[in-house]
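**Q** Following my numbering, the numbering of the first sequence begins with 14 at its first residue and continues without gaps. Have a look at the structure that comes next, please.
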Amino acid sequence: MDKKPCNSVVDVEVRKGPWTMEEDMILINYIANHGEGVWNSLARSAGLKRTGKSCRLRWLNYLRPDVRRGNITAEEQLLIMELHAKWGNRWSKIAKHLPGRTDNEIKNFWRTRIQKHVKQAENSNPLMQGYEHNDHNANSSASTSTSQMSGIVGHNQQHEHHANDNYSIQPCAENMETSFPTTNFSTGWNDNNWSMEDLWNMQLLNGGE
DNA sequence: AATAATAACAACCGCTGTGTC
DNA sequence: GGACACAGCGGTTGTTATTAT
Numbered sequence: 014m015d016k017k018p019c020n021s022v023v024d025v026e027v028r029k030g031p032w033t034m035e036e037d038m039i040l041i042n043y044i045a046n047h048g049e050g051v052w053n054s055l056a057r058s059a060g061l062k063r064t065g066k067s068c069r070l071r072w073l074n075y076l077r078p079d080v081r082r083g084n085i086t087a088e089e090q091l092l093i094m095e096l097h098a099k100w101g102n103r104w105s106k107i108a109k110h111l112p113g114r115t116d117n118e119i120k121n122f123w124r125t126r127i128q129k130h131v132k133q134a135e136n137s138n139p140l141m142q143g144y145e146h147n148d149h150n151a152n153s154s155a156s157t158s159t160s161q162m163s164g165i166v167g168h169n170q171q172h173e174h175h176a177n178d179n180y181s182i183q184p185c186a187e188n189m190e191t192s193f194p195t196t197n198f199s200t201g202w203n204d205n206n207w208s209m210e211d212l213w214n215m216q217l218l219n220g221g222e
């Protein structure tokens with residue numbers, strides 16, 4: 014990392030909140046031409062009124078071409094649970110074993126879906142009580158937790174059918190492959206909701222400049 | 001149909017580790 | 001070795017969408 018005198022972006026006007034399509038385009042174009050890294054200066058050079066941190070996060074979690082979105086498969090769920098049982102909240106470490114998934118996505122998935130069911134299961138089944146402690150104690154038995162959690166996945170499926178009609182515990186590398194390239198994460202259209210395909214198509218049309 | 005409650009997700013914040021000067 | 005800037009991580013919050021009443 015080189016260390017140059019660097020006027021803080023914070024001094025200037027800093028935009029916060031949801032990214033606009035225009036900002037996304039600027040970021041994509043800039044990275045396509047100059048590559049990623051040195052995020053603070055990137056943000057300035059690209060003319061984005063965002064912090065480098067914000068740019069990095071947006072790129073890593075959302076704009077990167079290899080980011081997979083939506084529909085976490087049953088295999089991925091199991092893997093997440095297994096790795097979480099092993100490592101605890103080491104989201105980035107877990108994410109490395111799930112190609113295309115981001116730590117943020119896995120973290121959100123865990124907190125919003127799995128943890129909820131763990132709590133429910135705990136209330137109805139004392140056997141589950143060891144699991145949540147893995148949040149704080151990553152050394153608990155992985156195999157025990159995982160096998161118990163499998164039941165939860167099944168339960169989860171019943172509630173998640175709207176999100177993934179293909180849920181079934183069977184080898185679904187095929188599912189993953191076929192669904193990935195055409196995955197459209199949009200749930201609707203508004204100023205802030207466009208498909209990555211659109212953005213990348215536009216980027217290509219612009220000739221990357 | 002309107003409203004409230006809940007779920008899901010995107011983004012921000014604070015902290016820590018690392019490299020450079 | 002200390003100061004600084006950047007990168008990365010994990011926790012938390014805010015917003016939007018969906019479901020239930």
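No residue lacks a Cβ here, since even glycine has one placed at the ideal position from N, Cα and C.
Given a cut-off of 8 angstroms on the beta-carbon distance, is the pair ILE41 and LEU76 in contact?
**A** Translated into positions along the first sequence, residue 41 becomes position 28. Translated into positions along the first sequence, residue 76 becomes position 63. Result yes, Cβ atoms of ILE41 and LEU76 sit closer than 8 angstroms.
**Q** Rounded to whole angstroms, what's the CA-CA distance from TYR43 to ASN74? Just pull it up for me.
**A** The residue you call residue 43 lines up with position 30 of the first sequence. The residue you call residue 74 lines up with position 61 of the first sequence. Their backbone Cα atoms lie some 17 angstroms apart in a straight line.
**Q** Contact between the stretch 109 to 118 and the stretch 54 to 74 is defined here as three or more beta-carbon pairs at a separation below 8 angstroms; is this criterion met?
**A** In short, these stretches touch, since the Cβ pair count reaches three.
**Q** For THR33, count neighbouring Cβ atoms within 10 angstroms of its own Cβ and tell me buried if that reaches 16, exposed if not.
**A** Locating residue 33 in the first sequence gives position 20, where the first residue counts as 1. Classification for THR33: exposed.
**Q** Use the C-beta contact count for ARG69: other C-beta atoms within 10 angstroms, 16 or more gives buried, fewer gives exposed.
**A** Here the question's residue 69 lines up with position 56 in the first sequence. ARG69 is buried by the Cβ-count criterion.
**Q** Tell me where the alpha helix (DSSP H) around ALA98 begins and ends.
**A** Start at 1 with the first residue of the first sequence, and residue 98 comes out as number 85. ALA98 -> alpha helix (DSSP H) spans 87 to 100.
**Q** Cβ of ILE119 within 8 angstroms of Cβ of TRP104?
**A** For the purposes of this step, residue 119 is taken as the residue at position 106 of the first sequence. For the purposes of this step, residue 104 is taken as the residue at position 91 of the first sequence. In contact: ILE119 and TRP104 (Cβ atoms closer than 8 angstroms).
**Q** Which residues mark the beginning and the end of the alpha helix (DSSP H) in which GLY65 is found?
**A** Along the first sequence, read from residue 1 onward, the residue named residue 65 stands at position 52. Start and end: 65 to 71.
**Q** Taking C-alpha atoms, which residue in GLY50, GLY83, ARG63, SER54 lies nearest to GLU35?
**A** Counting from one through the first sequence, the residue named residue 35 turns up at place 22. Looking at the Cα atoms, ARG63 is the closest of the given residues.
**Q** Apart from the five residues just before and just after GLY30, which ones in its own chain have a Cβ nearer than 7 angstroms to its Cβ?
**A** Residue 30 sits at position 17 when you count from the first residue of the first sequence. Cβ within range, chain order: n/a, list empty.
**Q** Just to confirm my understanding: we take PHE122, look at its own chain, exclude 5 residues before and 5 after, and list those with CB closer than 6 angstroms. What are they?
**A** The count along the first sequence starts at 1 and reaches residue 122 at position 109. Hits under 6 angstroms: ILE85.
**Q** First and last residue of the alpha helix (DSSP H) that includes HIS110?
**A** Along the first sequence, read from residue 1 onward, the residue named residue 110 stands at position 97. Segment: none, HIS110 is in no alpha helix (DSSP H) and carries neither H nor E.
**Q** Whose C-alpha, out of TRP52, LYS109, ARG57, SER58, is nearest the C-alpha of LYS66?
**A** For this step, residue 66 is matched to residue 53 along the first sequence. LYS66 has its Cα closest to that of TRP52, out of TRP52, LYS109, ARG57, SER58.
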